[in-house]
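Just so you know, we're using this note's numbering here: the sequence shown kicks off at 287 and counts up by one.
Notes follow the structure.
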Amino acid sequence: MNLFKKKEKENETGLFTRLKKGLSKTRKGFINKVSSLFLGYSKIEDSLFEELEEILIQADVGIHTTMKLVDGLKEQAEENDVETPEELLEFFQQELRELLQANNENLDINTGLNILIVVGVNGSGKTTTIAKVARRFKDEDKKVMLAAADTFRAAAIDQLKVWADRLGVDIIAQSEGSDAAAVAFDAVQAAKSRGVDLLIIDTAGRLHTQKNLMEELKKVKRIVDREAEDAFTQVLLVLDATTGQNAVSQAELFNEAVDVDGIALTKLDGTAKGGIVIAIKNELGIPIKLIGVGEDAEDLQDFNPEEFVEALFAEEE
């Protein structure tokens, strides 16, 4: 194994260790209940499926997704002549993998100008996610620029300026109360003239005025689409995993307004109900591109369904 391959392997191992550690609350809560349920039965019977439904719903998997998983598991048991609950648990894990694999995409950029419009409610981890994404692509030798289009909070502008300074990237910002679409306009012009690879635009998570948040976001996106029609533009929605089913409702509203291309699900390390990942993936059909499993930059990871399920069911060390 050459040095590069060895280093790459070490990085992959390190990321999986972080993932496993970050999902420990979910594993000790939701997943341990599932495993204990299957292993607590000596044979497959209706009450096993009924108890599984309860556990999944309590873990924020959602009613529709829960019924899809349980009904699918019953079919698998019949079609494959599954005889033991232990064997059925393996089929359950496979079902999760297949559901999470559907429509799977990672966050990537093309050649030329890329624009990432980041949306989400305040407190979801939006600014921190922007900083981590900016660092990731800067480390890949991409020219990154930030735009502070959350003009309704002075703190949001200041915080983004601090991150831009730490990361050594340009930032386009105006004063609090400025027109967010105007900031987006200036940022696109600057990005085009400076040969930027990735422009990341922060947006408001709520408004202090009577203006409608979603209308403001639509305006920002219209300006970006008009002024940078040749750019590869994506809308990334940041959701807080600890808010449970509220995250699904938020995603529906934002998607209706600005056509969300991908989701960054943050704070997975802070919940024992990690089933929200499954609910979002199944009910919305929007790719989960990033997951946050800790505070460090490396803890914002590409969502890999296979590794995610493996980390969920991994044995505690």
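Ideal placement from N, C-alpha and C gives every residue a C-beta, glycine not left out.
Computed from a predicted structure; not experimentally measured.
{"Item": "Where residue 546 falls: helix, strand or coil (DSSP)", "Value": "coil"}
{"Item": "Expected contact under 8 Å - CB spacing of residue 486 and residue 472 to nearest Å", "Value": "At roughly 14 Å, the Cβ-Cβ gap does not stay under 8 Å, so residue 486 and residue 472 are not in contact."}
{"Item": "Rounded C-alpha distance that separates residue 400 from residue 583", "Value": "21 Å"}
{"Item": "Three-way DSSP call (helix, strand, coil) for residue 587 in this model", "Value": "strand"}
{"Item": "Backbone CA spacing between residue 331 and residue 591 [nearest angstrom]", "Value": "29 Å"}
{"Item": "Beta-carbon contacts of residue 520 that lie in its chain and below 6 Å, excluding the five residues immediately before and after", "Value": "402, 547"}
{"Item": "Length at least 4, wholly inside the region 496 to 562: the alpha helix (DSSP H) runs in chain order", "Value": "499 to 513, 531 to 544"}
{"Item": "Nearest to residue 301 (by Cα), restricted to the options 350, 499, 354, 585", "Value": "585"}
{"Item": "Residue 339 beta carbon less than 8 Å from that of residue 352", "Value": "yes"}
{"Item": "Collapsed DSSP secondary structure at residue 430 in the structure displayed", "Value": "strand"}
{"Item": "Complete runs of the beta strand (DSSP E) confined to the region 318 to 370 [at least 3 residues]", "Value": "none"}
{"Item": "Continuous alpha helix (DSSP H) stretch holding residue 443: start and end", "Value": "440 to 453"}
{"Item": "Simplified DSSP state of residue 481, which is helix, strand or coil", "Value": "coil"}
{"Item": "Spatial distance of residue 292 from residue 306 (CA atoms)", "Value": "Its pLDDT being 39, under 50, residue 292 is placed unreliably by the model, and the measurement read from it follows with that caveat. One C-alpha to the other measures close to 21 Å."}
{"Item": "Contacting residues, own chain, Cβ-Cβ under 7 Å from residue 577 (five flanking each side not counted)", "Value": "551, 554, 587, 589"}
{"Item": "Three-pair Cβ contact test at 8 Å for the region 376 to 391 versus the region 554 to 566", "Value": "yes"}
{"Item": "The region 413 to 420 contacting the region 434 to 452, beta-carbon criterion three pairs below 8 Å", "Value": "yes"}
{"Item": "Among 528, 573, 539, the one whose alpha carbon lies nearest that of residue 410", "Value": "528"}
{"Item": "For residue 395, the three-state DSSP class (helix, strand or coil)", "Value": "coil"}
{"Item": "Residue 597 in three-state terms, based on DSSP", "Value": "helix"}
{"Item": "Residue 411, DSSP secondary structure in three states", "Value": "coil"}
{"Item": "Nearest to residue 323 (by Cα), restricted to the options 498, 342, 460, 310", "Value": "342"}
{"Item": "Cα-Cα separation, residue 346 to residue 532", "Value": "10 Å"}
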